[in-house]
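Structure first, commentary second.
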Amino acid sequence: MMKKVKGQLNNQNVYEKYLIIIIFAALFLRIIIASATKGVPQDIACFKSWASAAASNGLFNFYTIDMFKDYPPVFIYILYIIGKLQALLSLSYDHWFFTLMIKTPAIIADLVTAYLIYRLCKKHLQPRTSLILAATYAFNPAVFFNSSTYGQVDSILALLIVTALYLISEHRISLAAIPYSVAVLLKPQGIIFLPVLFFVLVSDFISKKSIKNFLLSFVYAAASYIIIVLPFKSNNGPLWLLKLINSTTGQYDYASVNAFNLFALTGGNWKKDSEPWIILNHQTWGMIFIVLITAYVMFLFFKSKHTALPYVASLILIAGVFVLAHRMHERYMFPALALAPLAYMHLKNRRFLYLYGGFNFTIFLNIWSYYYI
Numbered sequence: 001m002m003k004k005v006k007g008q009l010n011n012q013n014v015y016e017k018y019l020i021i022i023i024f025a026a027l028f029l030r031i032i033i034a035s036a037t038k039g040v041p042q043d044i045a046c047f048k049s050w051a052s053a054a055a056s057n058g059l060f061n062f063y064t065i066d067m068f069k070d071y072p073p074v075f076i077y078i079l080y081i082i083g084k085l086q087a088l089l090s091l092s093y094d095h096w097f098f099t100l101m102i103k104t105p106a107i108i109a110d111l112v113t114a115y116l117i118y119r120l121c122k123k124h125l126q127p128r129t130s131l132i133l134a135a136t137y138a139f140n141p142a143v144f145f146n147s148s149t150y151g152q153v154d155s156i157l158a159l160l161i162v163t164a165l166y167l168i169s170e171h172r173i174s175l176a177a178i179p180y181s182v183a184v185l186l187k188p189q190g191i192i193f194l195p196v197l198f199f200v201l202v203s204d205f206i207s208k209k210s211i212k213n214f215l216l217s218f219v220y221a222a223a224s225y226i227i228i229v230l231p232f233k234s235n236n237g238p239l240w241l242l243k244l245i246n247s248t249t250g251q252y253d254y255a256s257v258n259a260f261n262l263f264a265l266t267g268g269n270w271k272k273d274s275e276p277w278i279i280l281n282h283q284t285w286g287m288i289f290i291v292l293i294t295a296y297v298m299f300l301f302f303k304s305k306h307t308a309l310p311y312v313a314s315l316i317l318i319a320g321v322f323v324l325a326h327r328m329h330e331r332y333m334f335p336a337l338a339l340a341p342l343a344y345m346h347l348k349n350r351r352f353l354y355l356y357g358g359f360n361f362t363i364f365l366n367i368w369s370y371y372y373i
């Protein structure tokens, strides 16, 4: 018996050594690509100017500066550190290392997510299968293209959602409110995933007849907001963040913004979402689809108590909203790349692997086409 246990431990140690090799190889690949590419000009230009502005004017004065800015505060904290490093190293605006630093947070998030996929999958699958799933994420062209070539930060959002789902799976439901809150304060599309937390809390209340987790979740979410947002000054009053998010979503009031989805397929790419589409308009249909998708997820939560449900529901929400809703950008389905293997982890259903493969292809093609075409 002892020999068998020892053999299993040695086997796990071997796979964990392989995991370290995979992560460092994936890091090396990303550094090479990120150093050789400039990223999407308008996004990288914004990130660089925000980093420099936050560093030179003071972090908490950032939203008082007279310049274009449409990101909530979480990423500004990260850019502030990068801006300080740029000043310390006396790097010019166009220096390749400054560009690499801008891309580094997303690169790190890629690798941490790959590690989490391995750690989570190992609880339900063989170490070899877990390693393969982690490796497919670490070397996924859609993943490293988005962070290392494109220069966007969707992988940070994916990491936060995976972290929240991990906490839910460990029955630390109220703590999951923290990464969910940070996700929304990183990118407004983090709101797409909030129904999962709400339905988990409702299910918990029904089973335990206690509002403890509801109250704690509210406290953790409020504390996250206070710590992250309140230190910032603004010229737009106490509701400045809501105005910022509304402005951010409002400036892209199109049926589709380069997203390969239903509206783009029917000629709605860069068409105002107020324009008519099948009796109503794109925006109204988009809201109807969002309500229907959320209602379906609610139905699943009240029909089943399976531990896979938060992962599957998150996957349904992000894929469904991307495909059917308005104002979707080419990258918005990115978190599905982390969620699909984790859904497979619980259900052992190969259809999730087929979905994973399909999402890899379509998301890469969507991001690549925007970057090069």
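The numbering of the sequence shown is the working numbering, which starts it at 1 and goes up by one.
Cβ atoms here follow ideal geometry from the backbone N, Cα and C, with glycine treated the same way.
Secondary structure of Tyr-254, DSSP reduced to three states: strand
Cα-Cα separation, Arg-172 to Ser-247: If I take the Cα positions, the gap works out to 34 Å.
Beta-carbon proximity list for Ser-92, same chain, < 8 Å, skipping 5 on both sides: Contacts found: Phe-98.
Integer Cβ distance of Val-162 from Leu-342, believed to fall under 8 Å: 7 Å
Residue range of the alpha helix (DSSP H) that includes Trp-285: Under the DSSP assignment, Trp-285 falls in the alpha helix (DSSP H) whose first and last residues are 282-303.
Touch test, the segment 218-225 against the segment 282-296, Cβ-Cβ under 8 Å, three pairs minimum: no
CA-to-CA distance, Ile-316 to Ile-102, given in whole angstroms: Between the C-alpha atoms of Ile-102 and Ile-316 there is a straight-line separation of about 31 Å.
Status (buried if at least 16 other CB within 10 Å, exposed otherwise) for Arg-327: buried
Lys-17, DSSP secondary structure in three states: helix
Length of the line joining the Cα atoms of Phe-145 and Ile-44: 14 Å
Unbroken alpha helix (DSSP H) run spanning Asn-213, endpoints: 212-229
Phe-193, buried or exposed, once every other Cβ within 10 Å from all chains shown has been counted against 16: buried
Simplified DSSP state of Pro-72, which is helix, strand or coil: coil
Residues near Tyr-311 by beta carbon distance below 7 Å, same chain, minus five either side: Leu-165, Leu-339, Leu-342, Ala-343, His-346
Inter-residue Cα distance where the pair is Asn-269 and Ile-278: Approximately 16 Å between the Cα atoms of the pair.
Reduced DSSP category for Trp-240 - H, G, I as helix; E, B as strand; rest coil: helix
Residue span of the alpha helix (DSSP H) that contains Val-162, given as start and end: Where Val-162 is concerned, the enclosing alpha helix (DSSP H) stretches over 154-169.
Coarse secondary structure for Lys-103, derived from DSSP in three states: Helix.
Sequence-distant residues of the same chain with beta carbon closer than 8 Å to Tyr-80, five excluded per side: Once the five neighbours on either side are set aside, the close Cβ partners of Tyr-80 are Ala-51, Ala-54, Ala-55, Leu-59, Phe-62.
Terminal residues of the alpha helix (DSSP H) in which His-346 lies: 336-347
Outcome for Met-67 when other beta-carbon atoms lying within 10 angstroms are tallied against a minimum of 16: exposed
Status (buried if at least 16 other CB within 10 Å, exposed otherwise) for Met-2: Here Met-2 scores only 47 on pLDDT, less than 50, and its place in the model should not be relied on; the value that follows carries that caveat. So Met-2 counts as exposed.
Test item: CB-CB of Ser-174 and Lys-305 under 9 Å: no
Whole-Å CB distance - Phe-214 paired with Leu-197, under 8 Å assumed: Actually they are not in contact, since the Cβ atoms of Phe-214 and Leu-197 sit about 10 Å apart, beyond 8 Å.
Pro-195 beta carbon less than 9 Å from that of Met-287: Not in contact: Met-287 and Pro-195 (Cβ atoms no closer than 9 Å).
Those residues which DSSP pairs with Val-277 across a bridge: Going by the sequence as given, residue 277 is Trp instead of Val. Partner(s): Leu-280.
Alpha-carbon to alpha-carbon, Gln-12 and Val-5: Model confidence at Val-5 stands at a pLDDT of 45, short of 50, so the residue's coordinates are unreliable; what they give is reported in the following sentence. One C-alpha to the other measures close to 11 Å.
Per-residue DSSP class, three states only, for Lys-122: coil
Extent of the continuous alpha helix (DSSP H) run through Asp-94: No residue range can be given for Asp-94, since it is assigned to no alpha helix (DSSP H) and is classified by DSSP as neither H nor E.
Buried or exposed by the 16-neighbour rule on C-beta atoms within 10 Å, applied to Phe-359: With 16 or more Cβ atoms within 10 Å of its Cβ, Phe-359 is classed as buried.
Inter-stretch contact at 8 Å, needing at least 3 Cβ pairs: the segment 128-141 / the segment 177-192: no
Reference Leu-262, options Ile-206, Phe-302, Pro-335, Glu-330, closest by Cα: Glu-330
Distance between Ala-336 and Val-374 (C-alpha atoms, nearest Å): The chain is shown from 1 up to 373; residue 374 falls before or after that span and cannot be answered.
Backbone CA spacing between Ala-36 and Arg-119 [nearest angstrom]: 32 Å
Ser-256 and Lys-272 closer than 9 Å at C-beta: no
Sheet register partners of Met-328 (DSSP bridge): Ser-256
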